[in-house]
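See below for the structure under consideration.
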Amino acid sequence: MTEFFASSRGFVVLLLLFAIGAAGSLLFNKNDRQANYWSNLFACAGSLWGMFVAIGALVAPEPVAFTLGFSPFSLLRFSFLLDRLAAFFLFVISLIAFFCSIYAIDYVKHYYGKYGIGTLGFFYNIFIAGMLLVASAANGLFFLVAWEIMSVASFFLVIHDRDEQENIRAGLLYLIMTHLGTAFIIAAFLLLYRSTGSFDFSAIQSGGAAISPVVKNAVFVLSLIGFGTKAGIIPLHVWLPAAHPAAPSHISGLMSGVMIKTGIYMMIRVFLDLLAPFPLWWGVVLLIAGAVSALLGVLYALAEHDIKKLLAYHSIENIGIILLGLGSALTFLSLQLPTLALLGLVASLFHTLNHATFKSLLFLGAGAVINQTHTRNMEELGGLIRLMPQTALLFLTGSMAISALPPFNGFFSEWLTFQSLFQGIAATDSRTIWVFVIAAGSLAFTGGLALACFVKAFGAVFLARPRSNEAQHAREPSFFMLAGMWPLAALSLLFGIVSGYVANILQDVAGTLSVFQGFPSPFLLAETGRISAGGFSFVSPPVVFLLLLIALFAVFTAFNFLFFKKQKTTFGPTWDCGADLTPRMEITSTGFARSIILIFKGIMKPTMLKSVECRDGETRYLPKSREIRLGISNIYDTCLYKPAQDLALRFSLYARKMQSGLINMYILYILAALLGALYFSL
Amino acid sequence: MHTFFDILQILLIPLASPLITGVIKKLKAKFQNRRGASVFQPYRDLWKLFHKDEVISQDASWIFRLAPCIVFAVTLAVGAIIPLIDLATFAAPAGDLLTVIYISAIGTFFLALAGLDTGSAFGGFGSSREMTVSALAEGGLLFSFLVLALVAGSANLFSIADSILTTGNFYLQPIVLAGIGFFIVLLAENGRFPFDNPATHLELTMIHEAMLLEYSGRRLALMEWAAANKLFVFMTLGANLFFPWGLMHTFSPGALAAAVVIFLLKIAALCLAIAFIESTIAKFRFFRLPDILFVSFTLNIVAIGLIK
Amino acid sequence: MIRLLRKTVATPSPLISIDPSACERVDISVVGREIEDHVKRLFRGSLAIRQVDAGSDNAAEQELVALSNPFYDVERFGVHFVASPRHADMLMATGPVARNMAEALRRTYAATPDPKFVVALGDDAIDGGIFRGSYAVYDAVKNVIPVDYEIAGDPPSPRAILCALLKILETIGANSLN
Amino acid sequence: MEPLLITGTLLLAALLTLLMKNLRAIELISVSAAVAVFIAALKIALGASAPRASNPDGFFSIDALGAIIALTIAVVGLAAAVYSVFYLRVEMAKGIIGFHRVRQYFILFNLFLLAMLFAVMVNNPILMWIAIESTTLSTVFLISFYDKPTALEAAWKYLIINSTGLLLGFFGTLLYFTPLGEAAGQGLTGWKTLAAHAAHLDPMIAKIAFVFVLIGYGTKVGLAPMHTWLPDAHSKAPAPISALLSGVLLNIALYAVLRFKLLTDAVTGGAFTGKLLLAFGLFSIIISALIMLTLQNYKRLLAYSSIENMGIAALGFGVGGAGVFAAILHIIYHALVKPALFFLAGNIFLKYSSTKISRISGVISALPITAVLFLAGFLAVTGTPPFGIFFTKIYVLFACMTMYPLAGFIAIAAFALLFIDFLKQAMAMIFGEKPAEMPMGEISPPLWAIPLALLATVLLLSFYLPEFLLELITQAVEKYAL
């Protein structure tokens, strides 16, 4: 049975499901209801099928490779390779897409009559199919096609809510950035083609030894920038915090949960699979990029009061964490420490899976909140835990998982990442050790700051009293939205508890890469569900889970049912030194993060705007309202993108001067070109 | 026999922790030339609070009500998996230094959420400050343990203690530096001077207390108790990881007696150190605190450099 | 409010006034030891006091602060001051209750969990003292919240407060025996 | 046979139109002439794809590339004819033009088609030059169709610059005749004769000749810096004419350059001509990428995009190898996409009566289908998969990469910039608030159905090339790739 799924026929069925979903929803464009059900049910079915395909490819003894169709272009082959790495990413994509599609059934209802659901469903199906193709393509050109399809489809999803001018701008930025990234990727593949004479991954891989070091390094830099743009490495991240809030929430969940991971996938594929062996500095660069992204990502998240932007910045942070694992894997490989490299790679893969589950959960939860309150501004939310208890619990689960609190899954992948960094400190020489120290230090601070950030996010959205009228009338989301979120929360916990087994599977996945062939002695061992990093350290997820569960259960039981039961509990207003406590006096999300922002003001360059409006214009004694806005100046815009844009504009204006409108000048150009060409040719 | 120790291990922390706070208070009183309350006063406070009624804010959710249980359970759980007296307990297989750090972070997480839950202005900024301090303390905490792990070649706390115990103090300087780094974090995480004043009545300068202002009765008792537990856990970590001498390897009555006595001496010395610091320096301005925490981090980095 | 009124009406002999001028010359360590005994018996060894300033002139506060200094050191007797009425067993209200502070005082009372005692400290708190009759004050704490005990003095000295506290504890003990 | 038929049909159509007094009849004549031409061109293409079918020495002689270009002319001509009918009906209804203008339009339209096809089909460089020159003449009045001062100015520039350029081209052409000697006097000199004598060409003269031809016909191709007439002309002409100008006329001039390139290569080898083409192609791409960033007029945007695409084709022919294959395909795709875009621009113009980008917003509300198609066309023309231009660009790049990596990198950067330019401008037009008083909905179905058909054809051709087309391309590649 599994052979059927993981075969060309199984894959064609997979693509057909999405194609029918896409085509059907376009046909039903006139009827929102039909389009909704059609597109999302087919997306569900497709994702489910995708999971089967992935599992089939995971259990298959050999990588599944096949070619579909033909093309008029000799270099383009629709060839697929489902090795375990690809299968793993297929699985993650399908898994998240499945739950997001379930969620979408109810979520998109609020677009009825406003925007066409047909086009949404069309691009949604194309988008998922594009991601699946990206993960399974085995030919550079075919990959680029899939990559662009994914990007363009997601662009149309981002601008779906097109009446907001801001969303259009976000989509524009997104597509520009992603296209720039693609340009770099194209350059990288062309260089590879130049050296190996093929776009096929297998040919590139076998010809990898012949590539000169200069070209290899160039390919590394180009593809790091190219894929890094998609993944959201700082400073290439600028599109992420803009595009995620603009997109519908289930799209944000998919984009943040899995789409940006395709960048990671391709990095693994290109660096580890195609280009190995490589010099040490590759890994070091990745480690530094990861450290910077993780730390800055979480700091920017802290400064954010738009819930979806906050989550978007956390995606950047988590990409940084994934890169730390990947970077240590590369470093270890170039230091001839393959077992440690396997550890690092497993860490990054595991964090990829985990981040996909809890980040999509958080985005879906945020979507439920926004759907009810019609605002993304956390300063206007609050108190929703009473009105939306299930959503609150789900969001809390996601928050705990992303803050790496045991026994949720985020902790165990971060644990693995830490271990690989620790191993780097323990096992490498005196120069590289400092890179690992910096990386481990930034990861440690990242963990602490992420915790602070999610206290802020959860507190500002769900706790205390509602800060706006709309937040007072929120209601629990409807069935399918909850049905999409609950399993993700359950998975966050489950992947944590069984993380020993998951790590074992991932070790098999990572071990099939060519660089790990011929190295015995798996470093990670999961006996009785325990994850161990060699002799250095181990953690036993089930024991941790049971320990916490028993401790909590014992304390709770003793507290509530055994002792001191006869004390009365009364309810009263919150004590605030006798003052009238209004929701406006609650700490705001800006206020919460203020101290951290000010501590890191050297890095974050905060901008504080104070404005006071007075009742009496002259004396200014009686303020009517005060407003303080704490913002972060966007140094990437001011120092990187704005100058580049200005430069382009200046060149453009120079070039336009050419088109002066004077016919004499035009004729002069012709003569000048003639003379110039004659001069150079003779 | 082991079962007995296992139970002892679990119960020792919560049972003894109020005593530790009592002792520190007593020592502080002595430094101030006062007689001070009895060392058992914290037990009396808890006992009384458990018998009082509760007033809960009507804006509070289940987070506020459940948080004391979670915070307390977390300290219990952490207390169960650290080396206390015996190096061969059931707790050893649970995890390593990261597990301890991140499990205790659960407590901080819910404590801070509980501070936000009632919508009180004090609770809000208490949470904000607590999270700021604990976020910045995390680097120092992790790296001080990491120094030990690198010395010992293992990240398991029991193995660390064991290894340092058996190989002697070959790496004296790094361990001392890391120990100082850890001590700073201990003060920060437990809201002691110069980070926080545990006895303050001024809402505007509070960190830890501000989050508890809304609690009353038995939930307050549980929170206070959990705070005492946490302090004891940190002191135990400091005493048994950085100076592991006296820990019991294999059971024998003599070893047990020696272990208990030495452990108590170490804890007493730490209590004295904390009381001394609290009596001799003032609380720092909030925005000076990061500097101290970065000092802790830097000390540990230097220690790592010394090992290599 | 209604609950409060009903309670005010329902409680028999609500108020015990204590004039501590008699115990000016007693040894505070003796008084303290007795307080300690009572606190142990009545409050399980821990008496938490929340001081409420309801428009006081700060005289009484000075004296209360003095209780914590090394000379009086009430902490050794198991008595300590707390930061929130939620933590308190006893409210010590001072001042003649300025109109703006009345609501705060009521809320403080409501915020304190049972069992709780309210002590009006100083003449201002008992009957308005020198502020009595002013339009700006309610004259006495008992006009706003139910008061259990009163400690006279303008302001009472720390020694007097301690002495009165002992008497209060004795009364509470006697009541609880009944 | 077919060439004669084409010539005859179009001449006849022009004459009949001149005589007709009935609008419907004029429309019918033009459309049916276009259909006939299309069928004939298809037949030529099918015939040329059969091996050794054409007679290389007749009056008309069509090689594989010529057949491809003729077919694109016929396809776009047909589309433009149909589109013109409905486009002009709207303009007439608005009262902008009257019956006489329409008749004049169709006469010139047919002549224009005739000149283009004749240039491709005729087997003599001089006659080809004349035909190309007459395309200029026939379109001058189409460009100044609206009689506005700016339109007249554009037409004037078009005339002067092109004539100047073509004059240089003519000089270059004559230089190729120098080695003929005796043979020059015997009747019409076909390309084959020229090719046979090309080896005797003095290398110096060959180089000079090619430079003159390149600059001369390059003016018509729109290679920078000789492109200056193009944005003005394309933006002032009625949409269907812009479509023809941009989609196919440029190709014909490029085709002429290529034929001379073959002659030159026989003497100098491919490197010389290749480098020149590459340099001008790259320069065109860079210039258009830069200028498009700050344009304020969407028809000019499309015009500059044509310059860019001609640059890509020149680049492809210049680097040779796989580049030639890509360049030929690129010409085909571009010839279909660009007219579609001009038609859509025409729809927008009909609705908004302005070509300023700043005046256009909310097209997606005002003209939903046009907006969607415009987006699709934009994606197609900027080389986004699954549209074929993506592959042709990649192929050109990779041909570039193997020979001149630096040029490849510059081209990649320019393509990225071009995409950004186009995206920025298109987004500004398509989204946002539409003017309040503007009614919603398309103007008439054919106006969007034609570009839809063209785009669908491109999409189809991106994944499936019909047998005869593939054969033609293969032949053309064989001939033009060195």
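Residue numbers (this note's numbering), protein chains in the order written: chain A, 467 to 1148; chain B, 43 to 350; chain C, 45 to 222; chain D, 5 to 486.
Ideal placement from N, C-alpha and C gives every residue a C-beta, glycine not left out.
Whose C-alpha, out of the options, is nearest the C-alpha of residue i?
| i | options | result |
| --- | --- | --- |
| A/P873 | A/I568, A/M1124, A/F1011, A/L1141 | A/F1011 |
| B/E256 | B/K325, B/L158, B/I343, B/A230 | B/L158 |
| D/A330 | D/K428, D/M433, D/A317, D/S53 | D/A317 |
| A/V478 | A/Q500, A/G490, A/L534, A/N497 | A/L534 |
| A/K1071 | A/Y766, A/V530, A/L541 | A/Y766 |
| A/R735 | A/F555, A/L481, A/I904, A/Y577 | A/F555 |
| A/A531 | A/L548, A/S540, A/F539 | A/L548 |
| A/P714 | A/T648, A/A1143, A/A1024, A/Y581 | A/Y581 |
| A/A867 | A/V927, A/V903, A/L646, A/F961 | A/F961 |
| D/L410 | D/A40, D/I66, D/F394, D/A283 | D/A283 |
| D/A432 | D/I361, D/Y399, D/I30 | D/I361 |
| B/L108 | B/A345, B/L129, B/L262 | B/L262 |
| D/I165 | D/D151, D/A200, D/L227 | D/L227 |
| A/S452 | A/L607, A/S1003, A/V525, A/V1009 | The first residue shown for chain A is 467 and the last is 1148, placing residue 452 of chain A beyond what the model contains. |
Tell me whether residue i sits in a helix, a strand or coil according to DSSP, three-state version.
| i | result |
| --- | --- |
| D/A480 | helix |
| A/S980 | helix |
| C/G166 | coil |
| D/S65 | coil |
| D/M431 | helix |
| B/Q352 | The structure shown has nothing for residue 352 of chain B, since chain B only spans 43 to 350. |
| A/Q856 | helix |
| C/P200 | coil |
| A/N843 | strand |
| C/Q95 | strand |
Kindly list the residues whose CB is nearer than 6 Å to the CB of residue i, restricted to its own chain and excluding five residues on each side of it in sequence; keep chain order.
| i | result |
| --- | --- |
| C/D112 | This sequence places Ser at residue 112 of chain C; Asp is not what is there. So no residue of the chain qualifies. |
| D/K438 | G366, S369, A370 |
| A/M947 | Y569, D572, Y573, A834 |
| D/Q479 | A68 |
For residue i, which residues from the same chain have a beta carbon less than 7 Å from its beta carbon, with the 5 sequence-adjacent residues on both sides left out?
| i | result |
| --- | --- |
| D/A243 | Y91, F346, F347, A349, G350, F353 |
| A/I782 | G698, I700, H703, L706, S759, G763 |
| D/I373 | E446, W452 |
Cβ of residue i within 7 Å of any heavy atom in the ligand ATP?
| i | result |
| --- | --- |
| C/D97 | By its list of ligands, the structure shown contains no ligand whatsoever, and the ligand ATP lies outside what it can speak to. |
Apart from the five residues on each side of it in sequence, which residues of its chain come closer than 8 Å, Cβ to Cβ, to residue i?
| i | result |
| --- | --- |
| B/L348 | Y213, Q215, P216, L219 |
Problem set entry | chain D contacts made by the region 655 to 668 of chain A, where a contact means CB separation under 8 Å | L656, L657, Y659, R660
For this session: Could you run through the region 394 to 416 of chain D and flag, in chain order, every residue whose CB is less than 8 Å away from some CB of chain A?
Result: F394, F395, I398, Y399, L401, F402, M405, T406, P409, G412, F413, I416
Problem set entry | Length-filtered (4 minimum) alpha helix (DSSP H) runs lying within the region 243 to 331 of chain D | 243 to 248, 254 to 272, 274 to 297, 302 to 323
Problem set entry | Ordered list of alpha helix (DSSP H) runs contained in the region 391 to 420 of chain D, each at least 4 residues | 393 to 407
For this session: Quick one: which unbroken beta strand (DSSP E) runs of 3-plus residues sit fully inside the region 111 to 136 of chain C? Chain order, please.
Result: 123 to 125
Exercise. Could you give the uninterrupted runs of the alpha helix (DSSP H) lying entirely in the region 214 to 245 of chain B, keeping only those of 4 residues or more?
Worked result: 214 to 231
Problem set entry | Contiguous alpha helix (DSSP H) assignments of at least 4 residues, all confined to the region 891 to 936 of chain A | 898 to 928
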